[in-house]
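Q: I'd like to ask some things about the structure below.
Residue numbers (my numbering): 557 to 653.
What follows is the structure, encoded as structure tokens:
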């Protein structure tokens, strides 16, 4: 398996409990009250059998798929943002929900 969109972004998710999660993902979407964090990968059919495939690219490359790397109940999220880099601790960012 290889990342198809380069190194995933760093997402910092603060939960209502105060816990903070760091997630490596290309993007996230909301469906059925859940935040789904995804990475775009090129994976063999055998590798895909071991993953939760969220979506497929409608082209001639059956290896390219979106894989769910984290699923978080949206109601539990207090704040979310993409860090500028993997070395950004978030202390200089003003975020809103």
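Don't be surprised by glycine CBs; every beta carbon is placed ideally from N, CA and C.
Please list the terminal residues of the continuous beta strand (DSSP E) segment that includes residue 587.
A: Locating residue 587 in the chain shown gives position 31, where the first residue counts as 1. 583-587 is the span of the beta strand (DSSP E), which, as asked, contains residue 587.
Q: Can you name, in chain order, every residue of its own chain whose Cβ lies under 6 Å from the Cβ of residue 628, other than the five neighbours on each side?
A: Mapped onto the chain shown, residue 628 falls at position 72. Once the five neighbours on either side are set aside, the close Cβ partners of residue 628 are 591.
Q: Hey, out of 640, 605, 586, 619, whose CA is closest to residue 697's CA?
A: There is simply no residue 697 to check, as the chain begins at 557 and stops at 653 in what is shown.
Q: Please give me, in chain order, every unbroken run of the beta strand (DSSP E) with length at least 3 that falls completely inside the stretch 558-633.
A: The stretch 558-633 contains these whole beta strand (DSSP E) runs: 565-571, 576-581, 583-587, 590-598, 609-612, 620-629.
Q: Is the beta carbon of residue 598 sitting closer than 8 Å to the one on residue 620?
A: Position 42 of the chain shown, counting from 1, holds the residue named residue 598. Position 64 of the chain shown, counting from 1, holds the residue named residue 620. Yes, the Cβ-Cβ distance between residue 598 and residue 620 is below 8 Å.
Q: With a threshold of 7 Å, establish whether the CB of residue 578 neighbours any heavy atom of the ligand ATP.
A: As far as ligands go, the structure on display features none, and thus does not contain the ligand ATP.
Q: Would residue 582 be called buried (16 or more neighbouring beta carbons within 10 Å of its own) or exposed?
A: Taking the first residue of the chain shown as 1, we reach residue 582 at position 26. Burial call: buried.
Q: Should residue 593 be labelled buried (16 or more other beta-carbon atoms within 10 Å of its own) or exposed?
A: For this step, residue 593 is matched to residue 37 along the chain shown. Classification for residue 593: buried.
Q: Taking a contact to mean a Cβ-Cβ separation below 8 Å, would you say residue 572 touches residue 626 in this structure?
A: For this step, residue 572 is matched to residue 16 along the chain shown. For this step, residue 626 is matched to residue 70 along the chain shown. No.
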